[in-house]
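Each residue of the sequence shown is one higher than the last, beginning at 22 in my numbering. These notes concern the structure reproduced below.
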Amino acid sequence: MKKLIAFLLLCGSISTLAQETINTQLLNSESLREQEVFISKDIFDNTFTREENTLRKRSKYSSENFSLPKMGTLKMIDLTNSLFPVLFYVDFNSIVLLSKELALLNTIELTGRFSAMDPAYVASSTQKNLWIVNQANQSVLRYNLSTLEVRNIFTIKEEIKAYQSTLNYLYRITIDNKIKGIDIYGNEVLNYALPSDYDHIQILNNKQVFYSHLNKLYYVDMEKNMVYQIQVDAKSISGFFYNTQKLSIFTEQKVNNYQIKLP
């Protein structure tokens with residue numbers, strides 16, 4: 022009986038949360054090529070996509086792309102700073118740094134100097150540093166691009182399903198859907214349980230997160246513990262990205278761009 026009551030209370034709570042909604046206004050749509058996958062948009066309204074091992078960037082007036090076939094499989098693309106894209110090629114255990122025009126700036130081969138490093142995640146951070154999560158020993162590292170020094174700032178103890186980051190914070194999502202975050206010194210700054218599983222997720226900061234689940238899109242104010250369902254005209258959600266009051270949703274090889282005002 023107690024379990025039944027608890028279940029009914031949970032259902033009532035979810036129903037109540039689902040009634041909180043945010044409306045959107047469709048601005049425009051962009052068509053993608055058959056094999057293109059939407060990644061993100063930046064504040065300059067550039068659209069970034071991936072087509073197999075090629076990174077593409079396009080605007081209304083120009084387009085660029087970058088590929089490096091000799092490096093093999095492109096495992097990760099980080100656009101935390103769209104003016105400084107960071108790529109990771111798993112076959113050669115190498116990090117590639119690009120300019121805003123997607124020109125090659127530098128290649129960091131980890132196998133030589135850091136033979137024991139097996140990155141699960143690589144991304145831009147502050148002060149000419151990179152975030153690196155070394156899955157060989159579950160350590161979070163700060164790699165200084167100027168001094169080439171590596172600093173171990175944190176050890177992960179949980180089983181992790183995904184990582185995301187900003188310049189100042191690294192987030193990890195546990196298998197039980199808890200978002201945990203640390204700052205650049207390794208101090209823990211966030212521990213928040215998502216209300217459900219997710220298909221796609223974007224953590225904006227220590228207070229805000231978007232996620233999709235079963236083709237519905239939600240915004241969470243983690244500070245106030247409020248969940249809002251976002252009203253969009255999309256039968257399927259293959260990805261999304263939020264930036265400065267604009268929400269882009271990847272669906273059926275199109276990117277639909279919406280105006281959105283968060284509460």
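Here a beta-carbon is modelled for each residue, glycine too, at the ideal position from N, C-alpha and C.
CB contact flag (residue i, residue j, <9 Å)
i	j	result
SER61	SER103	yes
GLN159	LYS178	yes
ARG163	ILE205	yes
THR45	TYR232	no
ILE181	VAL230	no
PHE135	LEU108	no
ILE43	LEU283	yes
PHE65	VAL276	no
ASN198	SER217	yes
ASN67	SER50	no
Straight-line gap, residue i to residue j (C-alpha atoms, nearest Å)
i	j	result
VAL83	SER52	Residue identity check: residue 83 is Ser in the sequence provided, not Val. Those two C-alpha atoms are separated by around 15 Å.
THR75	LEU89	8 Å
VAL215	LYS267	Contrary to the premise, residue 215 reads as Leu rather than Val in this sequence. Rounded to whole angstroms, LEU215 to LYS267 spans 23 Å at the Cα level.
LEU31	THR187	Residue confidence for LEU31 is low, a pLDDT of 39 falling below 50, so the modelled location carries little weight; the figure read from the coordinates is stated next. Each residue's Cα considered, the two are about 33 Å apart.
VAL117	PRO140	13 Å
VAL248	SER257	20 Å
ILE174	TYR184	16 Å
GLU273	LEU191	31 Å
TYR110	THR94	6 Å
ILE203	ASN227	10 Å
ASP63	THR176	32 Å
LEU211	ILE194	11 Å
LEU119	GLU85	12 Å
ILE196	LYS91	35 Å
ASN264	PHE105	17 Å
SER34	VAL241	Any reading at SER34 must be qualified, since the residue scores a pLDDT of 40, below 50, and its modelled position is unreliable; no value is offered.
Where the beta strand (DSSP E) containing residue i begins and where it ends
i	result
ARG134	Unbroken run through ARG134 is the alpha helix (DSSP H), 131-134; no beta strand (DSSP E).
TYR249	247-251
ALA214	209-214
GLY202	199-204
ASN108	A quick correction: the sequence has Leu, not Asn, at residue 108. Element bounds for LEU108: 107-110.
ALA255	Neither: ALA255 is in no beta strand (DSSP E) and is coded neither H nor E.
For residue i, the residue or residues it bridges with in DSSP
i	result
PRO140	ASN155
GLU51	VAL276
Residue i Cβ short of 8 Å to the ligand COA heavy atom set
i	result
LEU191	Among the components modelled here there is no ligand, and therefore nothing to report on the ligand COA.
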